[in-house]
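Protein chains in written order, with our numbering: chain A, 1 to 407; chain B, 1 to 117. Working notes, structure below.
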């Protein structure tokens with residue numbers, strides 16, 4: 001029995017995927033030209049699957065800040081914050097994020113994945129209870145594997161399902177931590193956060209919300225769903241990422257808990273990995289300034305979301321339940337999704353393909369992520385291309401032929 | 001046998017033997033709960049698993065190994081467990097779900113959790 005034998009099923013499925021001639025999980029961006037364009041397979045390709053919600057990856061001021069930081073402080077920190085110390089800029093970034101949320105404390109992590117993994121698994125321990133949404137991101141599921149708390153799953157976006165599970169815990173001792181996401185990454189739907197928070201208050205449970213896909217996108221100041229639903233003060237922990245709206249990499253968690261900083265010496269994904277390099281910290285600080293100073297980027301993003309979502313819906317595609325920076329297009333099965341994805345790439349449009357087991361309820365999706373940097377022409381073009389491919393592949397019915405009866 | 005009386009000690013309700021009286025604080029009423037019967041749990045599990053039955057038409061029994069004898073992935077198993085949880089008003093922790101192999105084990109887990117309430 002070989003080490004890879006247990007992956008036999010997955011290997012077969014992956015072979016199926018690759019017989020289409022392109023591997024959606026090993027795409028090579030030969031050259032990235034802008035937040036919305038790259039050269040793929042020698043061809044200029046429109047990017048609608050890179051979570052670049054504000055299009056800040058090529059913002060001149062962010063790029064300058066990063067270059068300046070490299071000149072001043074070098075390319076990397078070569079170690080963790082507990083071993084090699086914090087640079088002043090790490091601390092400044094943490095203060096700025098804490099201020100952005102009006103919370104007292106912030107911890108910055110090297111990736112958003114590590115922020116979720118470390119914070120969630122460390123906040124709860126033996127005899128505690130961790131309650132997670134069924135459609136949670138992999139980083140949350142991995143935290144469940146690391147924690148010593150008892151983990152219970154509730155139905156996606158269903159406060160009554162959470163209520164039933166908290167009720168069943170009865171008067172068992174132990175803390176309850178409920179983990180939610182601002183915008184879910186596959187279908188772009190938002191949690192009914194107000195209702196969830198009410199349930200959590202009823203049972204005295206702590207709330208942690210992951211705003212990875214909603215930072216910048218939701219709320220008057222772009223703080224996320226916790227702001228747009230008016231419950232920021234009731235969210236004990238807010239986690240987020242620098243790798244989407246802020247155009248770099250890294251993660252954070254903010255909280256008002258006076259003892260929050262103890263996580264710096266208990267959270268393994270913080271302690272045992274190298275800290276963010278100066279260039280990233282500098283570009284993220286600048287990107288955060290842009291988010292604060294330019295609310296019109298948020299307006300532009302939602303205008304683009306409406307254009308793409310409504311345009312695809314009008315063509316007859318089955319989409320995720322609501323407008324969101326992520327637009328999930330439902331397709332009948334895995335092979336159709338992969339074939340559709342390949343046809344899109346051939347037509348010069350890059351989106352993500354999402355198939356089971358990475359998707360909720362075994363659905364197969366083309367996952368599109370909208371950017372404020374997309375132009376109306378780019379999105380109109382994409383809608384036309386998708387409609388054409390949809391008709392060719394029989395996902396959409398063809399143009400309706402009007403039958404005129406002759407009397 | 002447990003009786004329910006009002007403040008004056010008058011007998012309001014005599015509960016049948018082997019019934020459990022519990023206070024449902026949501027509805028603020030007293031409900032009578034019969035201990036869960038194994039056959040009932042087995043029937044429900046089999047009903048939920050039926051769509052995933054193997055092509056060879058082998059019947060689902062207590063000995064059926066859920067992840068091996070049926071065409072169901074681990075995520076679908078967890079989703080089915082959520083439905084069973086609500087049906088029988090128990091919560092099965094994720095690490096316990098991961099240990100469950102057979103239909104019998106799943107039924108036993110539900111019965112044990114239900115009895116412990």
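In this text, a Cβ means the ideal position worked out from N, Cα and C, and glycines have one as well. All values derive from a computational prediction rather than experimental measurement.
Contact set between residue i and chain A, taken where Cβ atoms lie within less than 8 Å
i, result
"residue 76 of chain B", "362"
"residue 79 of chain B", "134 and 361"
Outcome for residue i when other beta-carbon atoms lying within 10 angstroms are tallied against a minimum of 16
i, result
"residue 4 of chain A", "exposed"
"residue 359 of chain A", "buried"
"residue 27 of chain B", "With a pLDDT of only 48 at residue 27 of chain B, under the threshold of 50, the placement of this residue in the model should not be trusted; the figure read from the coordinates follows. By the neighbour-count rule (16 or more Cβ atoms within 10 Å), residue 27 of chain B is not buried but exposed."
"residue 160 of chain A", "exposed"
"residue 14 of chain A", "exposed"
"residue 314 of chain A", "exposed"
"residue 171 of chain A", "exposed"
"residue 102 of chain A", "exposed"
"residue 278 of chain A", "buried"
"residue 386 of chain A", "buried"
"residue 7 of chain A", "exposed"
"residue 136 of chain A", "buried"
"residue 1 of chain A", "exposed"
"residue 325 of chain A", "buried"
"residue 163 of chain A", "buried"
"residue 229 of chain A", "buried"
Interface residues of chain A facing residue i [CB-CB closer than 7 Å]
i, result
"residue 82 of chain B", "134, 153 and 155"
Own chain, CB closer than 7 Å to residue i, minus 5 neighbours either side, in chain order
i, result
"residue 323 of chain A", "305, 306 and 309"
"residue 118 of chain A", "109, 267, 268, 269 and 270"
"residue 50 of chain A", "369"
"residue 104 of chain B", "62 and 63"
"residue 165 of chain A", "131, 152 and 154"
"residue 78 of chain A", "84 and 274"
Under 9 Å by beta carbon: chain A residues contacting residue i
i, result
"residue 90 of chain B", "168"
"residue 73 of chain B", "356, 357 and 362"
Residue range of the unbroken beta strand (DSSP E) whose run includes residue i
i, result
"residue 95 of chain B", "Here residue 95 of chain B belongs to no beta strand (DSSP E); instead the alpha helix (DSSP H) covers 94-99."
"residue 100 of chain A", "No beta strand (DSSP E) contains residue 100 of chain A, which is instead part of the alpha helix (DSSP H) from 88-101."
"residue 129 of chain A", "129-133"
"residue 327 of chain A", "326-331"
"residue 43 of chain A", "43-47"
"residue 209 of chain A", "206-210"
"residue 377 of chain A", "That residue, residue 377 of chain A, is in no beta strand (DSSP E); its alpha helix (DSSP H) goes 376-392."
"residue 38 of chain A", "37-40"
"residue 227 of chain A", "Here residue 227 of chain A belongs to no beta strand (DSSP E); instead the alpha helix (DSSP H) covers 225-228."
"residue 340 of chain A", "Careful: residue 340 of chain A lies outside any beta strand (DSSP E), inside the alpha helix (DSSP H) at 334-346."
Partner residues on chain B for residue i, Cβ-Cβ distance less than 8 Å
i, result
"residue 165 of chain A", "85 and 91"
Residue interval of the alpha helix (DSSP H) (run including residue i)
i, result
"residue 156 of chain A", "Note, residue 156 of chain A: premise wrong, no alpha helix (DSSP H); not H, not E."
"residue 300 of chain A", "296-315"
"residue 107 of chain A", "Here residue 107 of chain A belongs to no alpha helix (DSSP H); instead the beta strand (DSSP E) covers 105-109."
"residue 289 of chain A", "278-293"
"residue 116 of chain A", "112-123"
"residue 49 of chain B", "38-49"
"residue 84 of chain A", "81-84"
"residue 192 of chain B", "Any answer about residue 192 of chain B is impossible in this case: the structure gives chain B only from 1 up to 117."
"residue 270 of chain A", "268-271"
"residue 196 of chain A", "193-202"
"residue 62 of chain A", "60-73"
"residue 144 of chain A", "138-146"
"residue 67 of chain B", "66-69"
"residue 109 of chain B", "103-116"
"residue 14 of chain A", "8-18"
Contacts that residue i makes with chain B (C-beta to C-beta distance below 7 Å)
i, result
"residue 150 of chain A", "93"
9 Å Cβ cut-off: residues of chain B touching residue i
i, result
"residue 144 of chain A", "94 and 95"
Own chain residues within Cβ distance below 6 Å of residue i, not counting five before or after
i, result
"residue 123 of chain A", "177"
"residue 297 of chain A", "54 and 372"
"residue 362 of chain A", "356"
"residue 320 of chain A", "187, 188, 189 and 328"
"residue 378 of chain A", "46"
"residue 286 of chain A", "61, 62 and 65"
"residue 215 of chain A", "224, 240 and 245"
Beta-carbon contacts of residue i that lie in its chain and below 8 Å, excluding the five residues immediately before and after
i, result
"residue 173 of chain A", "127"
"residue 401 of chain A", "Residue placement at residue 401 of chain A is poorly supported in this model, since its pLDDT is 47, which falls under 50; the coordinates still yield a value, given next. Correct list: empty, nothing qualifies."
"residue 227 of chain A", "218, 219, 220 and 221"
"residue 408 of chain A", "As shown, chain A starts at 1 and ends at 407. That puts residue 408 of chain A outside it, with no answer to give."
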